[in-house]
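Here's the structure, in structure tokens; my notes come after.
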Amino acid sequence: MTLSTKVWVLDPIDFAQVWTVAQMLVKRYSRDGIEPVWKDEARDIGRARSNEPGQGLCAWLGARYSDTPDPLHDGTVKHDEDCDDPCTSSWCVRSAQRYWVELDFDTTYGYVGAGGASAGDLHATILDQLGTFLDRQGVRWSWQNEFTGDIYRGHDGLATLGSLRQRADR
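Numbering-wise (the working numbering), the sequence shown opens with residue 21 and increments by one.
So this is what it looks like as structure tokens:
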């Protein structure tokens with residue numbers, strides 16, 4: 021099983037900049053000497069890019085992004101019969117956001133990094149550094165904690181990733 025942490029960029033930004041920073045962070049926390057190989061493809065809405073799996077990277081990085089000035093997702097919520105009133109499902113909260121880029125960092129739960137860092141610790145570190153880059157660009161961002169389904173704005177909640185990861189192992 022893997023920890024999948026999604027990040028949404030809530031304002032327009034050059035996708036190439038976001039991808040370059042995210043890719044640099046994945047490479048930084050992987051084995052030395054790995055030069056990531058990725059693929060790009062068209063989708064019904066926007067485009068998608070991902071690292072090829074099986075390269076020994078600390079995380080499999082995937083992205084969906086808008087290749088026009090319009091957002092990838094316009095913030096339209098599509099409630100269904102399973103929604104409460106008021107709806108608090110993570111899917112509906114997530115779909116209420118307008119976003120231009122969606123990133124997904126995917127790491128095996130068995131990951132052990134420097135100093136015994138867990139997959140949650142790794143993701144918290146990557147998101148903190150990616151978020152600092154986005155903050156400096158004046159771009160808002162949010163992310164989802166897969167363990168709880170909670171969606172946070174900016175750096176809020178990042179400390180919970182490592183601590184929740186520890187509890188998930190028990």
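Glycine included, every Cβ here is placed at the ideal spot set by N, Cα and C.
Taking the alpha carbon of Met21 as the point to measure from, which residue in Glu166, Gln157, Tyr85 and Ala62 has its own alpha carbon closest?
Of Glu166, Gln157, Tyr85 and Ala62, the residue nearest in Cα terms is Glu166.
Quick one, are the C-beta atoms of Arg48 and Pro91 less than 7 Å apart?
Taking 7 Å as the cut-off, the Cβ atoms of Arg48 and Pro91 do not count as close.
Counted within 10 angstroms of its Cβ, other Cβ atoms place Thr127 as buried (16 or more) or exposed
Label assigned to Thr127: buried.
With 16 other Cβ atoms within 10 Å as the buried cut-off, status of Arg187
No answer about Arg187 holds up, because its pLDDT of 39 lies below 50 and its placement is not dependable.
Please check the pair Leu81 and Ala139, which I expect to be a contact at CB under 8 Å, by giving their CB distance rounded to whole angstroms.
Under the criterion of beta carbons closer than 8 Å, Leu81 and Ala139 do not qualify as touching, at roughly 14 Å.
To which residues does DSSP link Gly140 through a beta bridge?
Paired residue(s): none; Gly140 is not in a bridge.
My output table needs one value for Arg51: the three-state DSSP class, helix, strand or coil.
In this structure, DSSP gives Arg51 a state outside helix and strand, which the three-state scheme calls coil.
For Glu122, count neighbouring C-beta atoms within 10 Å of its own C-beta (all shown protein chains included) and say buried if the count is 16 or more, exposed if not.
When all chains shown are included, Glu122 counts as buried.
Touching by the beta-carbon criterion (3+ pairs, under 8 Å), the stretch 68 to 88 and the stretch 170 to 184:
Inter-segment contact for the stretch 68 to 88 and the stretch 170 to 184 is absent: fewer than three beta-carbon pairs are separated by less than 8 Å.
Please state whether the Cβ-Cβ distance between Leu178 and Asp148 is less than 7 Å.
Yes, they are a contact pair.
Continuous beta strand (DSSP E) stretch holding Phe167: start and end:
First-last for Phe167: undefined, no H or E at that position.
Please name the residue or residues paired with Ala179 in a DSSP beta bridge.
DSSP, once it has assigned bridges, lists no residue as partnering Ala179.
So what's Trp161 in DSSP terms, helix, strand or just coil?
Here Trp161 sits in strand by DSSP.
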